[in-house]
Amino acid sequence: MMLEIRDIRKQFDSLKVLDGISFDVEKSDVVAILGPSGSGKTTMLRCLNFLEKADSGTMVFDGKRIDLSKATKAEIAELRKKTAFVFQSYNLFLNKTVLDNVTLGLTAGAGMKRKDAVEIATRMLEKVGMADKLSSYPSQLSGGQQQRVAIARALASKPEIIFFDEPTSALDPELIGEVLNVMRQLAEEGMTMLVVTHEMSFARNVSNKVLFLEDGHIVESGPSKEFFANPREERTKAFLRSIEYGLEEKS
Amino acid sequence: MNSRLWSILIDSFPKLIGYGIKVTVPLTIFSFSIALAVALLVALIQYAKVRGLQQICRFYIWITRGTPLLVQLYIVFFGLPSIGIKLPAFIAAMLVLGFNEGAYMSETIRGALESVSRGQIEAGYCVGLTFPKIMWHVALPQAFRTAFPALGNSMISMLKETSMAATISVMEMFRQAQVINGRVYESLGLYLEVALIYLIFCTFLTFLQRRGEKRLSSYGGKSS
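Chains A and B, in that order, give the protein sequences. The first sequence lines up with residues 3 to 253 when you count with this note's numbering. The second sequence lines up with residues 549 to 772 when you count with this note's numbering.
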C-alpha cells in the first residue's frame, strides 16, 4: 500500500468539514474524489499536503506513519518532496517565466544545478506540449496552458503521487480537454493520482477508483466501473442523477 | 527685474546645484537606503507575525508616524548629546530621515506583501520551498512591483524633506540658499530659485519612476 489515510477529522468553528475519513491508495491508482460542493473534498486533499492542518488523523506514506495534526516541519518537508499539488487556480508564479516556474522548485527547493533543472523542466514542458512557451509569463497564457505548465511543474520533482484539486473547474469548456488529455496520459504511464473533480467522464473512464464524499463522510467508494454501473447508496444515485440531468440540460 | 538680482541668481545657481548634488542627493540616497532596509525588515516581521518583534515594530511605527519629523531631528541632534550620544549633523539627518520614512514605507511594503495571493505562497510550499525562499523568489518580487509607485513617491518626498536638515545645520542646498540670502537679502528670488532646483530634481526622479514602472510591467497583469 502506498498511502493509507485513517480517520481524518477537521472542524471549522462548529462546522464538521471532515468527519472521519479513511481510505487506501495503491501505486498507480487514479482516485477520483467526487461529491457535491461543500462536501469536504478540497479540504481533505489540502490536509494531505498540510496546506490545511487536520484536527486529527494519520497517514502512512511509503511505510512512514505521520500524525496529521502533529506533523513536524521535517516530516512535512519530506512529504512535500514526494508529492505534488495542482491547484484549481493554477497558482503559477506570476513573476516567473514558464521555464522558471518549473525550475524554481528544483534549484531553490532541491538545490539542483540550473543546467540540470532546465533540462528536466524542458522535458516536462515538452510532455505537456508547452515547450514552445518557455519564456512566456503566466499572464500571457490561456487557462488551459497555465494548468498544463502547473502539471509540468508538479512532474518536475518526480513525485510519487500528485494531488489535483479541481484542475479543470476554472477553465473555459473548450480548454478542459487539453488538460484532461495530459492527465489521462499520466494515468496511462502509471502515475499515482488523487483527483478532486467534477468531470464525470474522467472519473468514469480514466480513474480506477472513486470516493464519493458528502458532509465530510465517504458515502461510497470502490472501483469506478462498479461505482457508475451499480451505485449502492441512495445518495450516490441521487448525485449521479443530478449530474446526468445537468449534462442533459447542457447538451 | 533688475540686473543686480539677475547676477545674484546666476551666480548662486551653480553653487546651489553643487550643494544639491554634493549633499542633498547623497543624503536622499543614503536615507532612502536605510528606509528601504528598515521597511523591508519591519514589513517581513509583521507579515510573518513574528511574536515579540511584531509588537516592537508596531511600537516603532506608532511613535515615528505620530511625531513630527522636525521634532525627531531636534531630539536626535540637540537632545541626545545630553545623554552622551553626539552625532554629526549629516549622520543625524540621515538616520532620522531613514527611520522616519522607513515607518511609512514598511506599511506600503506590508500592504503589498499581503496583496500577493495566498495561492502563490501555497504553490511555493508545494514545490518544496521554505518560507524565506518563497519570500525571496516569489512574494517580495511581486510585492515590490505593487509597492513601486508608492516607494517612488516616498523617495520624492524624502528628497524634499532633506531641506529640514538645514534646521540642524547640515549644509545642504536649502541651507546654502539661506546663507546666500543672509548676505544679499533677496528672499523671493533665491527661495524661488532653490524651489526650481528641487523641482528639477523631483522631475528627474518622476521620470526614473515611470521608466521603472514600465520595466516592472514586463510580466503583464495579474492572472486570474
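Where a beta carbon is used, it is the ideal one built from N, C-alpha and C, also for glycine.
- If you count every other CB in all the chains shown that lies within 10 Å of the CB of Thr44/A, and 16 or more means buried, which is it? buried
- Mind pulling the chain A residues with CB within less than 7 Å of Ala596/B? Here the premise fails: no neighbours, minimum Cβ distance about 15 Å.
- Limits of the unbroken alpha helix (DSSP H) element including Pro161/A: Looking at the DSSP string, Pro161/A is not in any alpha helix (DSSP H), and its letter there is neither H nor E.
- Query: Nearest-angstrom Cα distance between Tyr733/B and Ile745/B?
  - Reply: 19 Å
- Message: Among the candidates Leu740/B, Thr572/B, Trp684/B, Arg763/B, whose CA atom is the shortest distance from the CA of Ile558/B?
- Response: Leu740/B
- Query: So what does DSSP say about Thr60/A, is it helix, strand or coil?
  - Reply: strand
- chain A contact residues for Leu677/B, given Cβ-Cβ distances below 9 Å: Leu106, Gly107, Ala110, Gly111
- Name the residue from Ala240/A, Ala205/A, Gly218/A whose alpha carbon lies nearest to the alpha carbon of Gly224/A. Ala205/A
- Item | Check whether Ala651/B and Thr612/B have beta carbons under 7 Å apart | yes
- Item | 8 Å contact criterion, which Leu707/B and Cys750/B should meet: CB distance rounded | 6 Å
- With 16 other Cβ atoms within 10 Å as the buried cut-off, status of Ile88/A: It is Val, not Ile, that sits at residue 88/A in the sequence shown. Buried, because 16 or more other Cβ atoms sit within 10 Å of the Cβ of Val88/A.
- Task: Say whether chain A places a C-beta atom closer than 7 Å to the C-beta of Pro689/B.
- Result: yes
- Item | Cβ-Cβ distance between Gly676/B and Gly179/A below 7 Å | no
- Is the stretch 653-662 of chain B in contact with the stretch 688-706 of chain B, if contact means three or more CB pairs nearer than 8 Å? yes
- Query: Within this structure, are the beta carbons of Ile269/A and Ala86/A separated by less than 7 Å?
  - Reply: Because residue 269/A is not part of the residues shown, which for chain A are 3 to 253, the question remains open.
- Query: Residues of chain A with CB under 8 Å from Lys681/B, in chain order?
  - Reply: Ala110, Gly111
- Message: List, in chain order, every chain B residue whose beta-carbon is nearer than 9 Å to that of Lys83/A.
- Response: Gly676
- What are the uninterrupted segments assigned as beta strand (DSSP E) that are 3 or more residues long and contained completely in the stretch 17-61 of chain A, given in chain order? 17-27, 32-36
- In this structure, what does DSSP give as the bridge partners for Gln13/A? Lys18/A
- Query: Who are the neighbours of Asn93/A on chain B, taking C-beta pairs under 7 Å?
  - Reply: Gly667, Gln668, Glu670, Ala671
- Message: Can you confirm whether Lys252/A, when its beta carbon is compared against all beta carbons of chain B, has any partner nearer than 7 Å?
- Response: Low confidence applies to Lys252/A: its pLDDT is 46, below 50, so where it sits in the model is not reliable enough to give any reading.
- Message: Just to make sure I have the definition right: I need the residues of chain B whose C-beta is within less than 7 Å of the C-beta of Asn51/A. Which are they?
- Response: Cys674
- For His200/A, which residues does DSSP report across the bridge? BP columns for His200/A are empty, so no partner.
- Residues that Ala56/A contacts on chain B, provided the C-beta gap is smaller than 9 Å: Within 9 Å Cβ-Cβ: nothing; Ala56/A doesn't reach chain B, min ~16 Å.
- In terms of residue numbering, what span does the beta strand (DSSP E) encompassing Pro225/A cover? 219-225
- What residues from chain B crowd round Ser159/A, counting only those whose CB sits closer than 8 Å? Val675, Gly676
- Beta-carbon spacing of Leu157/A, Met126/A below 7 Å: yes
- Task: Pull up the distance between the alpha-carbon of Gln13/A and that of Pro233/A, whole angstroms please.
- Result: 29 Å
- Buried or exposed: Asp102/A, going by 16 or more other Cβ atoms within 10 Å of its Cβ? buried
- Taking only the alpha-carbon atoms, compute the straight-line gap between Leu136/A and Gln620/B and give it to the nearest angstrom. 52 Å
- Hey, does Phe87/A have any beta-carbon neighbour from chain B nearer than 7 Å? yes
- Item | Span separating the alpha-carbon of Glu720/B from that of Ile565/B | 10 Å
- Extent of the continuous beta strand (DSSP E) to which Val571/B belongs: Segment: none, Val571/B is in no beta strand (DSSP E) and carries neither H nor E.
- Query: Taking C-beta to C-beta, are Lys227/A and Val33/A nearer than 7 Å?
  - Reply: no
- Where the stretch 721-752 of chain B meets chain A: residues whose CB sits under 9 Å from a CB there: none
- Query: What residue does the beta strand (DSSP E) around Ala86/A start on, and which one ends it?
  - Reply: 85-88
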